[in-house]
Structures are given as structure tokens and as C-alpha cells.
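In the working numbering, the protein residues as written are 3 to 102.
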């Protein structure tokens with residue numbers, strides 16, 4: 003299966019590109035909530051009372067554009083479908099392949 007790889011740390015997304023890539027998936031589902039970067043920025047749900055729903059989808063998109071480490075990886079697009087995150091079973095099902 004042909005594919006295109008993009009290092010979005012080197013070739014950052016524009017707002018339009020990221021919105022188009024996510025399509026109907028809300029930024030909150032592609033946001034790396036458990037990442038060290040989210041923790042360092044105080045963005046992880048914690049005892050201090052941060053609730054993810056307190057940030058708007060536009061806020062999350064802006065943060066992801068400012069800091070690519072806040073985007074869950076990998077992002078795999080096949081046609082108009084997008085898989086977010088590194089779940090091998092979900093990736094296999096998404097691509098229609100099976101484990102040997």
C-alpha cells in the first residue's frame with residue numbers, strides 16, 4: 003500500500019491542514035493528554051482541577067499547532083478515514099490486515 007510520511011515536527015501543519023486532516027474528529031480526540039509536554043504545560047487532568055472539557059476544541063487545535071508534541075501519533079489517513087494513536091490492533095483492523 004503506497005503511503006506518504008510527514009514529519010510534522012519539521013514540516014508543521016497549518017491550521018487549515020490540521021482541520022482538514024482531522025475532518026470530523028474533534029481535536030480533543032487527537033490531543034496527547036498523557037504526554038510529558040501536556041504535563042509540563044499543566045494540561046493534564048490533575049488534582050489541581052484541570053478538566054479537559056474546560057478547553058475549547060479551538061483552544062486545543064491552537065495548542066497542537068504551537069506544539070506538535072501535543073498531537074497524538076501516529077496519524078494514519080486512508081481515504082476519508084483517520085486513525086489517531088498507536089494501537090496496533092486498531093491499526094490492523096483499520097487497514098484491513100491481520101496478524102500472522
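Note that CB positions come from ideal geometry on N, CA and C, so glycine has one too.
Around residue 14, the same chain offers 67, 70 as residues with beta carbons nearer than 8 Å, after the five sequence neighbours per side are excluded.
Three or more pairs of CB atoms, one per stretch, sit closer than 8 Å, so the region 70–81 contacts the region 27–45. The beta-carbon separation of residue 26 and residue 59, rounded to 12 Å, does not stay under the 8 Å limit for a contact.
Looking at the DSSP output, residue 33 shares a beta bridge with 73. Non-local C-beta neighbours of residue 46 in its own chain, meaning closer than 8 Å and more than five positions away in sequence, comprise 35, 36, 40, 52, ordered along the chain.
Taking all protein chains shown into account, residue 80 has fewer than 16 neighbouring C-beta atoms within 10 Å of its C-beta and is therefore exposed. According to the DSSP secondary-structure assignment, residue 84 is paired through a beta bridge with 79. Residue 83 has its alpha-carbon roughly 12 Å from the corresponding atom of residue 93. Around residue 28, the same chain offers 59 as residues with beta carbons nearer than 6 Å, after the five sequence neighbours per side are excluded.
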